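Numbering (our numbering), first residue to last: 17 to 549. By construction, the Cβ of each residue, glycine as well, lies at the ideal position given by its N, Cα and C atoms. Please read these numbers as outputs of a predicted model, since none were measured by experiment. First comes the structure, then the notes that go with it.
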């Protein structure tokens, strides 16, 4: 230390030189640091500018979409609407599809106007918008319709389904239900004396266009003839005279657990089973498109095609019933109902129920468990039975009055995985001789009450309840003359169930009244519905 001080005194210029050099190096370091700080500051400023510019662009786009570009009009279904056709007749046909793509079901039906007393006018197929009843399209389709059925022709998502029409004057055509245009109109392919059996059956695509094809049966005397058509063009793919059945004939398409298709016919006390594979191969000569079920092939008699075991009683109806994630087969006979396993064809249960007057309806009484609704009885009274599909137990029953042309029972699924059921009753005739028909609503959560929704003296031609958007439901009513030879007013109406419930009357089925009427109506009003999948 002393040496450094001594050297500084001897050489003062060298000391000053070192200090100057040190100050210079320090200045250079500070200048470099300043330059680095300036570059970082400019980068931060640029990033901030980019952020605010992006934010401005986003806000501008939101402003454009929200205030300048108009939003599409949201379809709002009216609470109730009605449309009338004067001097007309209508038919027991009504189907539903969202044609206008507004999430609300539109209504397709048939009517014929009698213009200037000319009863030979063509039947008009008409689609009314479900929101307010306005006409979407209206087209003449045939001079006199014998049968019309709309089916979903597509195996995948695609255009709307088609409607197939058989006319009494030997016409056979298909209509596009979305716009009403005739897709095809074929010459009469059946015999002059043949009766076309219904319903039509759709089968997997045979022509490679991803559209299901059409299987139709006709009957002349004891002879049943099978026809296969392309539903896309109406061309006949094949035909076959195959069956020889006596009396009233019905049929059902059944798919076994292994995926094999079988056509089940019932006539008198017997069931006849034909694999679709055999029918297809004999009609077209094609191979390996369908399969057989080995167990069913052993069960079917090789000569008569009957399925054993035989049991007495004439079979009136044959339907598939979903039970525990499988499809069983319900036989409705003149004196009882029998449920058979859909694969082994073993008897599951028997229910004594005589004089079932129409094809059973399915619904849910217990949450998520299928129930079968039967209408039994003749004359002026009928008994409604709700039966557990798994056990055959009667869950609920009620006796009501009947009337000519009474609509079938219908149901709509509620959000609690039960069903609301709707059925008609009749009261004493009015002074004009007309029956007063009353519509009732029933739900399993309130088994001791009915809700009287509406009544009418008009002739009911068709009736149904449909699911609406936002868990609502509506009922649709088609009324008209009792005879096609006596034209009159045809009326199509639709009303939301909530509106009907507000003005409904509570009908108590027993002496006890655990709740007051308004509480009952509130509980019905709060029901939410869902689309059945």
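N-terminal and C-terminal residue of the beta strand (DSSP E) that residue i is part of
{"i": "residue 129", "result": "122 to 129"}
{"i": "residue 202", "result": "198 to 202"}
{"i": "residue 372", "result": "Unbroken run through residue 372: none, as it is neither H nor E."}
{"i": "residue 430", "result": "Per DSSP, residue 430 belongs to no beta strand (DSSP E) and is neither H nor E."}
{"i": "residue 500", "result": "It is not in any beta strand (DSSP E) - residue 500 carries neither H nor E in the DSSP assignment."}
{"i": "residue 304", "result": "No beta strand (DSSP E) contains residue 304, which DSSP labels as neither H nor E."}
{"i": "residue 354", "result": "352 to 356"}
{"i": "residue 335", "result": "331 to 339"}
{"i": "residue 242", "result": "239 to 245"}
{"i": "residue 139", "result": "139 to 144"}
{"i": "residue 413", "result": "410 to 417"}
{"i": "residue 397", "result": "397 to 404"}
{"i": "residue 344", "result": "342 to 349"}
DSSP-derived helix/strand/coil call for residue i
{"i": "residue 262", "result": "coil"}
{"i": "residue 461", "result": "coil"}
{"i": "residue 4", "result": "Nothing about residue 4 can be read from this structure; the chain reaches only from 17 to 549."}
{"i": "residue 534", "result": "helix"}
{"i": "residue 548", "result": "coil"}
{"i": "residue 234", "result": "strand"}
{"i": "residue 487", "result": "helix"}
{"i": "residue 528", "result": "coil"}
{"i": "residue 327", "result": "coil"}
{"i": "residue 213", "result": "coil"}
{"i": "residue 67", "result": "helix"}
{"i": "residue 173", "result": "A caution first: residue 173 carries a pLDDT of 44, below 50, which makes its placement in the model too unreliable to give a value."}
{"i": "residue 438", "result": "strand"}
{"i": "residue 222", "result": "coil"}
{"i": "residue 361", "result": "coil"}
{"i": "residue 574", "result": "Any answer about residue 574 is impossible in this case: the structure gives the chain only from 17 up to 549."}
{"i": "residue 252", "result": "strand"}
{"i": "residue 206", "result": "coil"}
{"i": "residue 29", "result": "With a pLDDT of only 43 at residue 29, under 50, the local geometry of the prediction cannot be trusted, and the value read off the model is given with reservation. Helix."}
Run of the alpha helix (DSSP H) containing residue i, from where it starts to where it stops
{"i": "residue 315", "result": "310 to 315"}
{"i": "residue 294", "result": "292 to 300"}
{"i": "residue 516", "result": "513 to 518"}
Member of the options whose CA lies at the smallest distance from the CA of residue i
{"i": "residue 486", "options": "546, 161, 228, 340", "result": "546"}
{"i": "residue 407", "options": "364, 398, 432", "result": "364"}
{"i": "residue 107", "options": "525, 507, 540, 534", "result": "507"}
{"i": "residue 332", "options": "389, 295, 266", "result": "266"}
{"i": "residue 249", "options": "225, 496, 262", "result": "225"}
{"i": "residue 230", "options": "237, 215, 157, 187", "result": "215"}
{"i": "residue 198", "options": "209, 179, 219, 452", "result": "179"}
{"i": "residue 373", "options": "98, 366, 390", "result": "390"}
{"i": "residue 512", "options": "187, 377, 541, 464", "result": "541"}
{"i": "residue 253", "options": "427, 259, 262, 242", "result": "242"}
{"i": "residue 366", "options": "379, 352, 387, 377", "result": "352"}
{"i": "residue 295", "options": "222, 434, 358, 494", "result": "222"}
{"i": "residue 384", "options": "431, 424, 69", "result": "431"}
{"i": "residue 112", "options": "124, 278, 104", "result": "124"}
{"i": "residue 251", "options": "258, 232, 239, 238", "result": "232"}
{"i": "residue 360", "options": "350, 504, 323", "result": "323"}
{"i": "residue 164", "options": "151, 188, 484, 155", "result": "188"}
{"i": "residue 278", "options": "260, 321, 160", "result": "321"}
{"i": "residue 299", "options": "517, 63, 257", "result": "257"}
Beta-bridge pairing of residue i - partner residues as DSSP gives them
{"i": "residue 178", "result": "167, 192"}
{"i": "residue 507", "result": "100, 495"}
{"i": "residue 380", "result": "386"}
{"i": "residue 269", "result": "279"}
{"i": "residue 113", "result": "122"}
{"i": "residue 155", "result": "141"}
{"i": "residue 468", "result": "456, 521"}
{"i": "residue 77", "result": "Partner(s): none; residue 77 has no beta bridge."}
{"i": "residue 274", "result": "Answer by DSSP bridge pairing: none, since residue 274 is not bridged."}
{"i": "residue 480", "result": "492"}
{"i": "residue 289", "result": "280"}
{"i": "residue 392", "result": "372, 399"}
{"i": "residue 183", "result": "161, 187"}
Could you check whether the region 305 to 320 touches the region 277 to 292, counting it as contact only if at least three pairs of C-beta atoms, one from each stretch, sit closer than 8 Å? Here the region 305 to 320 makes contact with the region 277 to 292; the two share three or more CB pairs at distances below 8 Å.
Do the region 312 to 319 and the region 333 to 341 make contact, defined as three or more Cβ pairs closer than 8 Å? With a cut-off of 8 Å, the region 333 to 341 and the region 312 to 319 do not count as touching, because too few Cβ pairs lie within range.
Would the region 113 to 130 and the region 521 to 539 be scored as touching if the rule is three or more Cβ pairs under 8 Å? In short, these stretches do not touch, since the Cβ pair count stays below three.
With three or more C-beta pairs closer than 8 Å as the rule, is the region 474 to 486 touching the region 409 to 416? No: fewer than three Cβ pairs fall under 8 Å.
Assess, as a yes-or-no matter, whether the region 146 to 153 is touched by the region 116 to 125 under the definition of 3 or more beta carbon pairs within less than 8 Å. Here the region 116 to 125 makes contact with the region 146 to 153; the two share three or more CB pairs at distances below 8 Å.
Touching or not, the region 340 to 349 and the region 266 to 282, by the rule of three or more beta carbon pairs under 8 Å? By the criterion of at least three beta-carbon pairs nearer than 8 Å, the region 340 to 349 is in contact with the region 266 to 282.
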